[in-house]
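2 protein chains.
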Amino acid sequence: MQNVVANPALRIACSSCNLRELCLPVDLDGKEMQRLDALTSIKRTFRRGEYLYRSGENFRALYAIRTGFFKTQVLHEDGREQVTGFQMPGEIIGLDAISTDAHTCDAVALEDSEICELPFDRLEELSRELPSLQRHLHKIMSREIVRDHGIMMLLGSMRAEERLAAFLLNLSQRFSARGYSPNSFHLRMTRQEIGSYLGLKLETVSRTFSHFQEHGLLNVRVREVEIMDMLGLRRFVGNN
Amino acid sequence: MQNVVANPALRIACSSCNLRELCLPVDLDGKEMQRLDALTSIKRTFRRGEYLYRSGENFRALYAIRTGFFKTQVLHEDGREQVTGFQMPGEIIGLDAISTDAHTCDAVALEDSEICELPFDRLEELSRELPSLQRHLHKIMSREIVRDHGIMMLLGSMRAEERLAAFLLNLSQRFSARGYSPNSFHLRMTRQEIGSYLGLKLETVSRTFSHFQEHGLLNVRVREVEIMDMLGLRRFVGNN
DNA sequence: AAATGCGTTTGATATAGGTCAAAAACCATG
DNA sequence: CATGGTTTTTGACCTATATCAAACGCATTT
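Line order of the protein sequences matches chains A and B. Just so you know, the working numbering puts 84 at position 84 of the first sequence, and the rest follows in order with no gaps. Just so you know, the working numbering puts 46 at position 46 of the second sequence, and the rest follows in order with no gaps.
Below, the structure written as structure tokens:
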């Protein structure tokens, strides 16, 4: 199962990582940066479908995604599952586990991926000494809370079309921030996973994609999305 | 509007606060505790309907609720609002504002309330020196993330009856943790606010209360709830 | 005590999205 | 490049919840 490889070839330091501005954009001098580099030295790779962690496992570290794509999901006792997010390079996951020292959700690779491990006790230690790192850690956690509130808004008061439009715009914006096209991208997740995330059934997701296509807002061929009318999509979500 | 009163009579220190075990259960010696007391010395009172903060306002402090009851809500540009939580004594709000140095939601008193102000820069400063405070602050933020995931599960994959049952059980558990009856309590919020929180219309909330009553699970007379069959309610949510 | 007003309950009806089912497209593998 | 399994699409029909509307209860004001 956890076919995990600690690959020394992947020993890329924060200081020379091209995701630094997204992931840990902390203002540190050379010596301080060395200490951060030391902390984040463990990299691991995951194949599609592998679990980075599972609900219930002991909490030791946060994880920064270097390449690839993950989903996180919470499980209900009766077997229902709710996707709580899709994560891409530069994003940090595992924050939920701090509260109880155990992971409260699963993280699954949706494609072959690489992560940096950030042992949490050492991160706390270092952030006690480096205020700008401390502040950044707090911002990351707070940002996750804000993100969650946005999803509550989406799930609690939007219609299917608004939800899917908001989802696509969010993906577009995040791909764009990583230097990829905002208009054309590949979906790493199934209709069912999108549906779980958006509180919809997979058939509804599929139909809504078709509606958008009929209205000329986008072209979709299974996992390949091309947004034709960004403003039209935005109008759906209210941020026209 | 912000008819705020800084009341010196309310200068209750953390060290002697009876909510300490809920709010900031940090293992500190006498001298350290004094420093925490100094930090949390500002108390304020709010009348029902008053705003503790509004979306967009500058972020300066977190707030610990001493007495009373609040709701937090996010606003959508088109006027829709989504209640993101109901907070009771011992709980800390304002965490969402750290990410952007501005509040991203409103906090409104649902009854006359008192809060302790925790200036965030001083809290960060102190938590750099007191690892157990630092750890606790992280746990509070993480707990909020876990809570939000639970709401996503609720909004994304539960039916109306399950949502309301989960909501009532959650309130019950929190009242109980504060020394009040888990079986009988007063709702501080309207049907409409419950509905917003649960992603339902107020009529659905009202009807679902009636169903529960018909099935002998609880008695409800407007805002007064008496749970008759706790296990019956639990069975709805799957945690039977 | 009557009047006003908000919040709640209940009923009748409408509809967005769910469910079930079948076909089509896609993908991994031998 | 045939095969079997998964994912996606589309259609027909159904249901949980929304919508609209009216009455009611309770608190506050006059």
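Note that the Cβ used here is the ideal one computed from N, Cα and C, for glycine as well.
- Between residue 111 (chain A) and residue 167 (chain A), the C-beta gap is not smaller than 7 Å, which leaves the two residues out of contact.
- Using a CB distance cut-off of 7 Å, residue 146 (chain B) counts as an interface residue toward chain A.
- Residue environment analysis places residue 31 (chain A) among the exposed positions, since fewer than 16 neighbouring C-beta atoms fall within 10 angstroms of its C-beta.
- Residue 178 (chain B) sits in coil when the DSSP states are folded into three classes, being neither helix nor strand.
- Using beta-carbon distances, residue 71 (chain B) does not count as an interface residue toward chain A, since no partner is under 7 Å.
- If the five residues before and after residue 132 (chain A) are omitted, its C-beta is found closer than 7 Å to the C-beta atoms of 26, 27, 28, all from its own chain and listed in chain order.
- Straight across, the Cα-Cα distance linking residue 24 (chain A) with residue 231 (chain B) is about 47 Å.
- Inclusion of residue 145 (chain A) and residue 117 (chain B) in the CB contact set at 7 Å is not warranted, their separation being larger than that value.
- About 31 Å separates the beta carbons of residue 160 (chain A) and residue 22 (chain A), which is beyond the 8 Å limit, so they are not a contact pair.
- Contact of residue 78 (chain A) with chain B by beta-carbon distance below 8 Å involves 238.
- Closest in C-alpha terms to residue 152 (chain B), from the list B:20, B:199, B:216, comes B:199.
- Short of 7 Å from the beta carbon of residue 191 (chain B), and not among the five residues preceding or following it, lie these beta carbons of its own chain, in chain order: 202, 205, 206.
- Residue 113 (chain A) and residue 53 (chain A) have their C-alpha atoms roughly 14 Å apart.
- The alpha carbon of residue 98 (chain B) has as its nearest neighbour, out of B:123, B:211, B:115, the alpha carbon of B:123.
- Look at the region 84-114 of chain B: the residues with a C-beta under 8 Å from a C-beta of chain A are 84, 95, 96, 97, 98, 99, 100, 104, 105.
- The beta carbon of residue 39 (chain B) sits closer than 8 Å to those of 118, 119, 122, 123, 126, all from its chain and outside the five residues before and after it, given in chain order.
- Per DSSP, reduced to three states, the secondary structure at residue 148 (chain A) is helical.
- In the structure shown, residue 119 (chain B) falls within a strand segment according to DSSP collapsed to helix, strand and coil.
- CA-CA distance, residue 182 (chain B) to residue 172 (chain B), rounds to 5 Å.
- Rounded to the nearest whole angstrom, the CA to CA distance from residue 46 (chain B) to residue 67 (chain A) is 48 Å.
- When DSSP reads this structure, residue 139 (chain A) sits in no beta bridge, so it has no partner.
- Approximately 6 Å separates the beta-carbon atoms of residue 218 (chain A) and residue 226 (chain A); this is inside 8 Å, confirming the contact.
- Only buried fits residue 83 (chain B), as 16 or more other CB atoms lie within 10 angstroms of its CB.
- If the five residues before and after residue 194 (chain A) are omitted, its C-beta is found closer than 6 Å to the C-beta atoms of 205, all from its own chain and listed in chain order.
- Nearest to residue 63 (chain A) by C-alpha distance, out of A:108, A:76, A:80, A:81, is A:108.
- Residue pairing of residue 104 (chain A) in beta bridges, as defined by DSSP: absent, with no partner found.
- For residue 222 (chain B), there are no neighbours in chain A by C-beta distance under 7 Å, as the nearest C-beta there is about 24 Å away.
- From the listed residues B:180, B:136, B:101, the smallest Cα separation to residue 139 (chain A) is found for B:101.
- Apart from sequence neighbours up to five positions away, the residues of its chain that approach residue 208 (chain B) with a beta-carbon distance below 7 Å are 160, 161, 164, ordered along the chain.
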